[in-house]
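Residue numbers (the UniProt record's numbering), protein chains in the order written: chain A, 1 to 216; chain B, 1 to 216. Note that beta-carbon positions come from the ideal geometry of N, C-alpha and C, so glycine has one too.
Protein chains: 2
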Amino acid sequence: MKPIITAFERSPDGGQGLARDTRIRWAFEEVGQSYDVRLVSFRAMKEPAHRVRNPFGQIPTYEEDDLVLFESGAIIFHIAERHAGLLPVEAKARARAITWMFAALNTVEPPILDRATTWIAERKEPWCAERLRLVDDRIRDRLGDLSACLGRADWLDGPFSAGDLMMVSVLLRLRSSGILDEYPNLSAYVARGEARPAYQRAFAAQLAINAGTPPA
Amino acid sequence: MKPIITAFERSPDGGQGLARDTRIRWAFEEVGQSYDVRLVSFRAMKEPAHRVRNPFGQIPTYEEDDLVLFESGAIIFHIAERHAGLLPVEAKARARAITWMFAALNTVEPPILDRATTWIAERKEPWCAERLRLVDDRIRDRLGDLSACLGRADWLDGPFSAGDLMMVSVLLRLRSSGILDEYPNLSAYVARGEARPAYQRAFAAQLAINAGTPPA
Numbered sequence: 001m002k003p004i005i006t007a008f009e010r011s012p013d014g015g016q017g018l019a020r021d022t023r024i025r026w027a028f029e030e031v032g033q034s035y036d037v038r039l040v041s042f043r044a045m046k047e048p049a050h051r052v053r054n055p056f057g058q059i060p061t062y063e064e065d066d067l068v069l070f071e072s073g074a075i076i077f078h079i080a081e082r083h084a085g086l087l088p089v090e091a092k093a094r095a096r097a098i099t100w101m102f103a104a105l106n107t108v109e110p111p112i113l114d115r116a117t118t119w120i121a122e123r124k125e126p127w128c129a130e131r132l133r134l135v136d137d138r139i140r141d142r143l144g145d146l147s148a149c150l151g152r153a154d155w156l157d158g159p160f161s162a163g164d165l166m167m168v169s170v171l172l173r174l175r176s177s178g179i180l181d182e183y184p185n186l187s188a189y190v191a192r193g194e195a196r197p198a199y200q201r202a203f204a205a206q207l208a209i210n211a212g213t214p215p216a
Numbered sequence: 001m002k003p004i005i006t007a008f009e010r011s012p013d014g015g016q017g018l019a020r021d022t023r024i025r026w027a028f029e030e031v032g033q034s035y036d037v038r039l040v041s042f043r044a045m046k047e048p049a050h051r052v053r054n055p056f057g058q059i060p061t062y063e064e065d066d067l068v069l070f071e072s073g074a075i076i077f078h079i080a081e082r083h084a085g086l087l088p089v090e091a092k093a094r095a096r097a098i099t100w101m102f103a104a105l106n107t108v109e110p111p112i113l114d115r116a117t118t119w120i121a122e123r124k125e126p127w128c129a130e131r132l133r134l135v136d137d138r139i140r141d142r143l144g145d146l147s148a149c150l151g152r153a154d155w156l157d158g159p160f161s162a163g164d165l166m167m168v169s170v171l172l173r174l175r176s177s178g179i180l181d182e183y184p185n186l187s188a189y190v191a192r193g194e195a196r197p198a199y200q201r202a203f204a205a206q207l208a209i210n211a212g213t214p215p216a
């Protein structure tokens with residue numbers, strides 16, 4: 001039986017690939033595992049039938065026989081543990097790749113999500129523009145450190161890993177902001193991720209569902 | 001050789017145990033692994049000697065022979081993989097416990113950290129009080145879902161795991177806000193975590209360093 005993931009029936013980004021099912025699709029494509037998708041609406045996501053999959057009423061989720069998981073980090077880790085190609089075999093390199101997965105989700109993504117939340121949920125508040133400038137500076141703090149760490153390397157620690165998959169996925173959310181362009185090596189890093197055939201297939205699969213949905 | 005972690009020379013919380021070294025200490029205590037601590041100042045944290053441990057200039061870090069890790073999630077996972085007691089042996093239960101680690105760090109912690117950041121970094125902004133109310137409602141959304149999911153259980157999925165260790169650590173940051181008291185089963189859950197002898201030893205160890213430091 002193929003694993004089943006859930007994704008938005010209509011993604012709020014209109015097919016830009018920024019919803020978190022894209023990163024799961026990408027991981028499946030990297031390891032060559034086919035999967036099925038169950039589409040859910042915003043309304044269905046908050047109902048009990050979906051909350052047994054994710055108590056927070058969000059996508060993506062992962063089902064495989066009677067195993068049900070949520071959280072994109074946990075799902076990608078689960079895929080990476082069960083297939084070759086996303087985590088190094090050598091124990092120390094593997095631990096470092098996992099570190100980059102957590103760094104992407106917990107150190108780099110939070111200010112980037114704060115930007116999106118402020119933009120969407122606080123757009124009509126009088127402080128929105130001024131606060132976005134503060135948040136953008138917090139993003140720049142992280143990107144400056146990340147840029148220095150990446151240097152001229154192709155990937156964060158040796159060959160491409162689940163850590164890079166997650167970091168590129170997180171940085172992609174900044175595309176429309178222009179901030180990424182201030183860090184040429186990070187822009188090139190993201191472009192390198194997007195150019196991978198597995199990413200291309202994942203992007204196309206979500207676009208086939210979401211093309212034409214008006215951006216939120 | 002014992003693993004070495006880094007911690008604040010003087011924690012900004014004055015010994016409340018909210019800095020992220022406490023969760024690492026807790027994990028070590030749960031599995032019975034002794035460890036050494038290297039204290040770093042805020043200034044030293046941003047210097048090259050520390051940035052080779054953590055490119056973002058933060059604590060905690062983990063060193064074991066020539067392996068260097070950062071990110072509390074990655075460090076706790078590393079400890080949990082190498083010692084019995086923090087992750088179930090059965091594969092599906094293990095994957096679910098890992099899911100709760102990611103859920104704590106990526107779904108529950110972000111609005112809680114947003115609250116702390118707004119409180120500290122935006123205290124003098126005219127929007128601070130009004131924005132805190134918005135953020136508190138986002139926290140309540142998460143806590144309501146988590147409370148419904150926990151129900152009357154002691155821990156999130158069977159026996160205590162690294163998922164609970166992380167979730168309790170994240171929720172502890174809300175203690176001074178009073179918000180946790182609105183969810184009696186979550187308050188009791190956090191108290192259950194704090195009552196564990198391993199947590200008590202971890203808390204005491206950080207307090208011995210930070211007692212008397214004025215809260216930030």
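Outcome for F28 of chain B when other beta-carbon atoms lying within 10 angstroms are tallied against a minimum of 16: In the second sequence, counting from the first residue as 1, residue 28 of chain B sits at position 28. Buried is the call here.
I believe L105 of chain B touches N54 of chain A by the beta-carbon criterion, under 8 Å. Please report the beta-carbon distance rounded to the nearest angstrom. In the second sequence, the residue the question calls residue 105 of chain B occupies position 105. In the first sequence, the residue the question calls residue 54 of chain A occupies position 54. So it is not a contact: roughly 16 Å between Cβ atoms.
Quick check on the burial criterion: 16 or more other C-beta atoms within 10 angstroms. Buried or exposed for V120 of chain B? Residue mapping note: residue 120 of chain B aligns to position 120 of the second sequence, counting from 1. Residue identity check: residue 120 of chain B is Ile in the sequence provided, not Val. Flag for I120 of chain B reads exposed.
Straight-line Cα distance separating H83 of chain A from F77 of chain A: Here residue 77 of chain A refers to the residue found at position 77 of the first sequence. Here residue 83 of chain A refers to the residue found at position 83 of the first sequence. Note on geometry: alpha-carbon atoms of F77 of chain A and H83 of chain A lie some 10 Å from one another.
Kindly list, in the order they appear in chain A, the residues whose Cβ is closer than 7 Å to that of K92 of chain B. Start at 1 with the first residue of the second sequence, and residue 92 of chain B comes out as number 92. Chain A residues near K92 of chain B: L67.
Would you check if the distance between the CB atom of G85 of chain B and the CB atom of E30 of chain B is smaller than 8 Å? In the second sequence, the residue the question calls residue 85 of chain B occupies position 85. In the second sequence, the residue the question calls residue 30 of chain B occupies position 30. Yes, they are a contact pair.
Taking a contact to mean a Cβ-Cβ separation below 8 Å, would you say D157 of chain A touches W100 of chain A in this structure? Here residue 157 of chain A refers to the residue found at position 157 of the first sequence. Here residue 100 of chain A refers to the residue found at position 100 of the first sequence. Against a cut-off of 8 Å, the Cβ pair of W100 of chain A and D157 of chain A comes out as a contact.
Could you please give the first and the last residue of the uninterrupted alpha helix (DSSP H) stretch that includes Y199 of chain A? Sequence index remark: in the first sequence, residue 199 of chain A carries index 199 (1-based). From DSSP, the alpha helix (DSSP H) with Y199 of chain A extends over 197-210.
Contact criterion: CB-CB distance below 8 Å. Does N106 of chain B meet it with respect to chain A? On the second sequence, residue 106 of chain B is found 106 positions in, with the first residue counted as 1. Yes, its Cβ sits closer than 8 Å to a Cβ of chain A.
When you compare the CB of D145 of chain A with every CB in chain B, is at least one pair closer than 8 Å? For the purposes of this step, residue 145 of chain A is identified with residue 145 of the first sequence, where counting begins at 1. Among the residues facing chain B, D145 of chain A is included, as its CB has a counterpart in that chain under 8 Å away.
At the level of alpha carbons, what is the spacing between V52 of chain B and I75 of chain B? In the second sequence, the residue the question calls residue 52 of chain B occupies position 52. In the second sequence, the residue the question calls residue 75 of chain B occupies position 75. Distance between the alpha carbons of V52 of chain B and I75 of chain B: 16 Å.
Sequence-distant residues of the same chain with beta carbon closer than 6 Å to M166 of chain B, five excluded per side: The residue you call residue 166 of chain B lines up with position 166 of the second sequence. Within the same chain, M166 of chain B has close Cβ partners M101, A104.
At a CB-CB cut-off below 7 Å, which residues of chain A make contact with E63 of chain B? Working through the second sequence from its first residue, we reach residue 63 of chain B at position 63. Correct list: empty, because the minimum Cβ distance to chain A is about 12 Å.
Let's test the definition: count the other Cβ atoms within 10 Å of the Cβ of Q200 of chain A and tell me whether it reaches 16, buried, or not, exposed. For this step, residue 200 of chain A is matched to residue 200 along the first sequence. With fewer than 16 other CB atoms across the displayed protein chains lying within 10 angstroms of its CB, Q200 of chain A is exposed.
Any C-beta of chain B sitting closer than 8 Å to the C-beta of P110 of chain A? Here residue 110 of chain A refers to the residue found at position 110 of the first sequence. Taking Cβ atoms only, chain B reaches closer than 8 Å to P110 of chain A, which makes this a yes.
Contact belief for R25 of chain A with A205 of chain A at Cβ below 8 Å, rounded distance in angstroms: One-based indexing of the first sequence puts residue 25 of chain A at position 25. One-based indexing of the first sequence puts residue 205 of chain A at position 205. Contact flag correct, Cβ pair sits at about 6 Å.
Same chain, Cβ closer than 7 Å to I5 of chain B, neighbours up to 5 away in sequence not counted: Against the second sequence, residue 5 of chain B aligns to sequence position 5. Shown here for I5 of chain B: same chain residues with a beta carbon closer than 7 Å to its own, the five before and five after excluded, namely D21, I24, Y35, V37, P60, T61, Y62 in chain order.
Could you check whether L87 of chain B and S161 of chain B sit closer than 8 Å to each other, using their CB atoms as the reference points? Within the second sequence, residue 161 of chain B is the residue found at index 161, counting from 1. Within the second sequence, residue 87 of chain B is the residue found at index 87, counting from 1. In contact: S161 of chain B and L87 of chain B (Cβ atoms closer than 8 Å).
Is the shortest distance between the beta-carbon of P55 of chain A and the beta-carbons of chain E less than 8 Å? Absence of chain E from the displayed structure is noted, the protein chains being A and B.
Anyone know if the C-beta pair for R115 of chain A and I139 of chain A falls short of 8 Å? As a position in the first sequence, residue 115 of chain A is number 115, starting the count at 1. As a position in the first sequence, residue 139 of chain A is number 139, starting the count at 1. Going by C-beta atoms, R115 of chain A is nearer than 8 Å to I139 of chain A.
Comparing C-alpha positions only, which one of A:N185, A:Q58, A:E194 sits nearest to D145 of chain B? Walking along the second sequence from the start, residue 145 of chain B turns up at place 145. Out of A:N185, A:Q58, A:E194, A:Q58 has the C-alpha closest to the C-alpha of D145 of chain B.
Cα-Cα, which of A:R43, A:L39, A:E109 is closest to L172 of chain A? Walking along the first sequence from the start, residue 172 of chain A turns up at place 172. A:E109 is the residue among A:R43, A:L39, A:E109 whose C-alpha sits nearest the C-alpha of L172 of chain A.
Along chain A, which residues have their Cβ under 8 Å away from the Cβ of residue 245 of chain B? Examination of residue 245 of chain B is not possible in this model, given that chain B is present from 1 through 216 alone.
Counting only Cβ pairs nearer than 9 Å, list the residues of chain A close to L134 of chain B. Numbered from its first residue, the second sequence carries residue 134 of chain B at position 134. Chain A residues near L134 of chain B: A121, E122, E125.
With DSSP collapsed to three states, give me the class of A153 of chain B. Stepping through the second sequence from its first residue, residue 153 of chain B is reached at position 153. Reduced to three states, the DSSP call for A153 of chain B is coil.
Straight-line Cα distance separating P111 of chain A from R152 of chain B: For the purposes of this step, residue 152 of chain B is taken as residue 152 along the second sequence, with counting starting at 1. For the purposes of this step, residue 111 of chain A is taken as residue 111 along the first sequence, with counting starting at 1. So the two alpha carbons sit approximately 34 Å from each other.
Can you find a CB in chain B that lies within less than 8 Å of the CB of D13 of chain A? Locating residue 13 of chain A in the first sequence gives position 13, counting from the first residue. Taking Cβ atoms only, chain B never reaches closer than 8 Å to D13 of chain A, which makes this a no.
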